[in-house]
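S.K.:
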Amino acid sequence: NAGVTQTPKFRVLKTGQSMTLLCAQDMNHEYMYWYRQDPGMGLRLIHYSVGEGTTAKGEVPDGYNVSRLKKQNFLLGLESAAPSQTSVYFCASRYVAGGVRDEKLFFGSGTQLSVL
Amino acid sequence: SQQGEEDPQALSIQEGENATMNCSYKTSINNLQWYRQNSGRGLVHLILIRSNEREKHSGRLRVTLDTSKKSSSLLITASRAADTASYFCATDVHGNKLVFGAGTILRVKS
């Protein structure tokens, strides 16, 4: 049971390049989230999804897009990377089924992204 | 803006001492959770306290919640070097998402 897996673990981009971060969970969780973590600012929610085919904006969505085509995968895309997007990105998932919701989040190990 | 604010930003104690971290938040909540993050790793859930609860225990962890003051505290008793990590509070406001604070960095010296 792998839990929440993020790929890649590290990436360096040049300004203007694009990339996609992949999050996969094998726990059959309904909800999935993308956060970014910057020094001194904790985690800030970028986008989230409450089910396959649905996405919603979080606190800092600008410059990012997401897709949830399959229940187990949540993709985060940067269309034109900027230095301000240098950060550590975390994916998380949450169990919801039949009206029962587990309140806690399960996190991946993160992706360190540097934009030069 | 951050919903939760932890205090202190950093805490350094000796092994065996107790560590107390505080969290303040701004709006009404469904529950408040505490997470731990070891260096270079993802966050791990520690404990949850619901808005109608005042205190909760789990092993060496004790969490209190004061909804009138919109604050919570996390107490780690008899700390160990392995407790060295960052600790975050997170508030569940609307039921779909958690909002995290900036965290407290705890260092336990052996």
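Residue numbers (the working numbering), protein chains in the order written: chain B, 44 to 159; chain C, 78 to 187.
Built from N, CA and C at the ideal position, the CB exists for glycine as well.
(1) Expressed to the nearest angstrom, what Euclidean distance is found between the alpha-carbon atoms of tryptophan 111 of chain C and serine 61 of chain B?
(2) CB tyrosine 74 of chain B to CB phenylalanine 133 of chain B, shorter than 7 Å?
(3) Which value, in whole angstroms, describes the spacing of the CA atoms of lysine 133 of chain C and valine 140 of chain C?
(4) To the nearest angstrom, how far is the alpha carbon of threonine 181 of chain C from that of asparagine 71 of chain B?
(5) Below 8 Å on the Cβ atoms is my guess for glycine 85 of chain B versus alanine 179 of chain C; work out the distance and round it to an integer in Å.
(6) Any heavy atom of the ligand ZN inside 6 Å of the beta-carbon of threonine 129 of chain B?
(7) Do serine 145 of chain C and cysteine 100 of chain C have their beta-carbon atoms positioned less than 7 Å apart in this structure?
(8) Excluding sequence positions up to five away, which residues of its chain have a Cβ less than 8 Å from the Cβ of glycine 46 of chain B?
(9) Mark serine 78 of chain C as exposed unless 16 or more other C-beta atoms lie within 10 angstroms of its C-beta, in which case mark it buried.
(10) Short of 7 Å in beta carbon distance, which residues of its chain neighbour serine 189 of chain C, apart from the five on each side in sequence? Order them along the chain.
(11) Taking Cβ positions only, does histidine 122 of chain C come closer than 7 Å to chain B?
M.R.: Reading it off the structure:
(1) Translated into positions along the second sequence, residue 111 of chain C becomes position 34. Translated into positions along the first sequence, residue 61 of chain B becomes position 18. Spanning the two alpha carbons is a distance of roughly 34 Å.
(2) Translated into the one-based positions of the first sequence, residue 74 of chain B becomes position 31. Translated into the one-based positions of the first sequence, residue 133 of chain B becomes position 90. Taking 7 Å as the Cβ cut-off, tyrosine 74 of chain B and phenylalanine 133 of chain B do not qualify as a contacting pair.
(3) For the purposes of this step, residue 133 of chain C is identified with residue 56 of the second sequence, where counting begins at 1. For the purposes of this step, residue 140 of chain C is identified with residue 63 of the second sequence, where counting begins at 1. Straight-line Cα distance between these residues: approximately 5 Å.
(4) On the second sequence, residue 181 of chain C is found 104 positions in, with the first residue counted as 1. On the first sequence, residue 71 of chain B is found 28 positions in, with the first residue counted as 1. Cα to Cα, threonine 181 of chain C sits roughly 32 Å from asparagine 71 of chain B.
(5) Position 42 of the first sequence, counted from the first residue, corresponds to residue 85 of chain B. Position 102 of the second sequence, counted from the first residue, corresponds to residue 179 of chain C. Right, their Cβ atoms sit about 4 Å apart.
(6) As presented, the structure is devoid of all ligands, the ligand ZN included, so that no description of it is given.
(7) Mapped onto the second sequence, residue 100 of chain C falls at position 23. Mapped onto the second sequence, residue 145 of chain C falls at position 68. Going by C-beta atoms, cysteine 100 of chain C is not nearer than 7 Å to serine 145 of chain C.
(8) Translated into positions along the first sequence, residue 46 of chain B becomes position 3. Excluding sequence neighbours, glycine 46 of chain B sits near Gln68, Asp69, Met70, Phe149 and Gly151.
(9) Within the second sequence, numbered from 1, the residue matching residue 78 of chain C stands at position 1. A caution first: serine 78 of chain C carries a pLDDT of 45, below 50, which makes its placement in the model unreliable, though a value can still be read off. Serine 78 of chain C comes out exposed.
(10) Residue coverage of chain C in this structure runs from 78 to 187, which leaves residue 189 of chain C outside it and unanswerable.
(11) Translated into the one-based positions of the second sequence, residue 122 of chain C becomes position 45. Interface residue, yes.
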